[in-house]
Amino acid sequence: MRIGNMSNYVIGVDLGGTNLKAGIVDKKGKIHSRLSIKTHYNADPQTISDQIFKLIHDIIMIAQVKTSDIVGIGLGSPGLIDKRGETILFSPNLPQWRNIPIKEMITKRFVVPCVLENDANAAAWGEKWVGAAREASSVVMITLGTGIGGGIIIDNKLWRGANNVAGEIGHMVIQKDGRKCNCGNYGCIEAYASATAMVRRFKELLKSGAVSLLKNSDEITAKMINDAALQGDKASLDIIKETGQYLGIALVNIMHIVNPEVIVLAGGMAASGELLMEPVRQLTKQKAFEASYKDTKIVFSQLGNDAGIIGAAGCLLKELEISV
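Residue numbering for the sequence shown follows this note's numbering, beginning at 1322 and increasing consecutively.
Dropping the structure here:
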């Protein structure tokens, strides 16, 4: 169904390690049409690029508009982006996704402006724009999914660092010589508190002899662990609690270094709700300086799975200085 004059809309694209999502977003941050497909995790760059092109084409078809009617395209991608914001240098959870000049590729393909942003930065901007942190000027967003991403906003601006690689919270080292991370380093928080890591630790717990409702499951996912925990499964409850404690260590470091007004937790693991949040809050209260902890709100995302789409669109509007 055609949704009207598209000169007031932008396409937001969220490239994740598991799903690739796109939406038509207006200047007030509302999604009018959305589409999601599975990401070809270990595919070559051309295959993933073709997926992105097809998704953008399909969302335009669903909305029944011409590409010439679109203001632009915002793309949030996992991993490191070059200083000029044009090329994806490296993405731990998309192994072959390296040195891809995706901004230029999209601009040439659809003949509209494109903004490339780290996916967690984009999600953080979405929450700051119209979500859980819209009243705050300093925000740290942590995305908990296949990996762990981070976005930092200071004085109402995304903080990208000297080389555009700030906010890699997932690769904060919390244990010297710890578990190996997908980035190749050891002891990163992503190797302990991501959904992937939680499943790996849960399987290890089962191998050690723990009793669980999931003992005989062929495949175990973070959602299954969460669902079992809600049924009172002790092994699942223990793993989620431990995950929250690991996450809490990262939050204490963030509080001591950045001292933000709001820390937003997002991603699929947010579905654990208070089962995850309670150990996070307990550990941060125990370990953080009172002055750092007392005025920092730790909240779940309000935009949920739409944060990346909305934030990518918002980054495009901000870049072009298009206001409501």
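For each residue, glycine too, the CB sits at the ideal point set by N, CA and C.
Tell me the DSSP bridge mates of residue i?
i	result
Ile1700	With the chain represented from 1322 up to 1645, any question about residue 1700 goes unanswered, as that position is not in the structure.
Asn1340	Lys1359
Tyr1507	Lys1501
Reducing DSSP to helix, strand and coil, say where residue i ends up.
i	result
Arg1430	helix
His1353	strand
Leu1415	coil
Leu1401	strand
Ile1345	strand
Met1462	strand
Lys1683	Any question about residue 1683 goes unanswered here, given that the chain covers just 1322 to 1645.
Gly1313	Summary: the structure shown does not reach residue 1313, with the chain confined to residues 1322 through 1645, and so no result is reported for it.
Gly1452	coil
With the cut-off set at 9 Å, would you say residue i and residue j are in Cβ contact?
i	j	result
Asp1403	Gly1337	no
Gln1417	Ala1384	no
Leu1396	Cys1435	yes
Ile1391	Phe1431	yes
Leu1597	Leu1568	yes
Lys1342	Val1331	no
Thr1467	Thr1564	no
Val1532	Ala1556	yes
Val1573	Ala1454	no
Ile1463	Gly1452	no
Do you know offhand how far residue i's Cα is from residue j's?
i	j	result
Thr1542	Asn1442	26 Å
Gln1367	Leu1376	14 Å
Ile1560	Lys1606	20 Å
Ile1409	Gly1588	21 Å
Val1461	Gln1623	14 Å
Met1327	Cys1509	Low local confidence applies: a pLDDT of 46 at Met1327 is under 50, so the model's placement there is unreliable, with the coordinate-based value given in what follows. Cα to Cα, Met1327 sits roughly 43 Å from Cys1509.
Leu1527	Ile1381	46 Å
Leu1465	Val1585	10 Å
Leu1534	Ser1398	36 Å
Lys1639	Trp1450	10 Å
Gly1482	Lys1501	25 Å
Leu1551	Leu1437	38 Å
Val1346	Lys1497	43 Å
Tyr1507	Cys1636	32 Å
Lys1349	Val1486	28 Å
Gly1553	Pro1600	17 Å
Ala1633	Ala1592	22 Å
Gly1344	Trp1446	16 Å
Gly1530	Ala1512	22 Å
Lys1608	Arg1602	10 Å
Asn1626	Glu1642	25 Å
> Which runs of the alpha helix (DSSP H) fall wholly inside the segment 1525-1556 and span at least 4 residues, in chain order?
Replying inline: List check, alpha helix (DSSP H) in window: 1543-1551.
> Counting only runs that start and end within the segment 1554-1626, where is the alpha helix (DSSP H) found for 4 or more residues in a row?
Replying inline: For the segment 1554-1626, whole alpha helix (DSSP H) runs of length 4 or above, ordered along the chain, are 1555-1578, 1595-1608, 1611-1614.
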